[in-house]
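Q: The structure that follows is given in the form of structure tokens.
Numbering (this note's numbering), first residue to last: 6 to 150.
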């Protein structure tokens with residue numbers, strides 16, 4: 006039987022000699038409902054509206070702990086901010102289109118690109134263990150302005 010993400014997180018915390026506090030539970034639950042990529046600041050602002058007693062540092066540290074547990078992944082899209090994506094839901098691999106003007110991030114999956122990457126890796130004697138494709142440009146909304 007598969008363990009719940011909260012149970013997995015609790016086990017990870019225990020392995021780090023840390024506790025699953027009520028604040029961490031709240032942060033995990035709110036984060037799990039977020040779609041896409043969220044910065045610690047964005048998550049903090051959202052949580053602070055209903056629970057002002059939770060500080061930014063607690064939110065940030067909890068996100069880092071989730072990443073350490075393999076339940077979140079952090080990524081910097083070149084603007085100096087790490088954005089976290091929830092791995093609590095099963096999601097297939099995806100790549101990103103990033104607008105350099107407004108910061109919009111579009112997730113996409115393209116089987117042709119995936120096959121091409123495998124072909125290129127094989128041609129060079131590589132076995133892909135992980136990869137990330139980020140394409141930077143200007144979104145349609147910004148281009149029309």
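For glycine and all other residues, C-beta sits at the position ideal for the given N, C-alpha and C.
(1) Do residue 108 and residue 131 have their beta-carbon atoms positioned less than 9 Å apart in this structure?
(2) Of all the options 67, 41, 32 and 86, which has the alpha carbon lying nearest to the alpha carbon of residue 55?
(3) Return the first residue and the last residue of the alpha helix (DSSP H) that residue 54 is part of.
(4) Please give the ranges of any alpha helix (DSSP H) in the stretch 55 to 86, keeping only runs that are unbroken, at least 4 residues long and fully inside the region.
(5) Whose CA, out of 22, 37, 137 and 57, lies closest to the CA of residue 80?
(6) Using C-beta distances below 6 Å, list every residue in its chain close to residue 141, excluding the 5 sequence neighbours before and after it, in chain order.
(7) Using 9 Å as the threshold, is the C-beta distance between residue 13 and residue 73 below it?
(8) Count the other CB atoms within 10 Å of the CB of residue 129; is the residue buried (16 or more) or exposed (fewer)?
(9) By Cβ distance, which residues of its chain are closer than 7 Å to residue 133, with the 5 residues on each side in sequence left out?
(10) If we call anything under 9 Å between Cβ atoms a contact, is residue 89 one with residue 46?
(11) Using the three-state DSSP reduction, which class does residue 143 fall into: helix, strand or coil?
(12) Who are the near neighbours of residue 59 in its chain, counting only those whose CB is closer than 6 Å to its CB and skipping five residues on each side?
(13) For a test of the three-state rule: what should DSSP assign to residue 102, helix, strand or coil?
(14) Kindly indicate the opening and closing residues of the alpha helix (DSSP H) around residue 5.
(15) Using CA atoms only, rank isn't needed, just tell me which of 110, 139 and 91 is closest to residue 155.
A: Result, derived from the coordinates:
(1) no
(2) 32
(3) 45 to 55
(4) 61 to 73
(5) 137
(6) 103 and 105
(7) no
(8) exposed
(9) 122, 123 and 126
(10) no
(11) coil
(12) 28 and 52
(13) strand
(14) Because the chain here runs from 6 to 150, residue 5 falls outside it and cannot be looked at.
(15) The question about residue 155 has no answer, for the chain in this structure spans 6 to 150.
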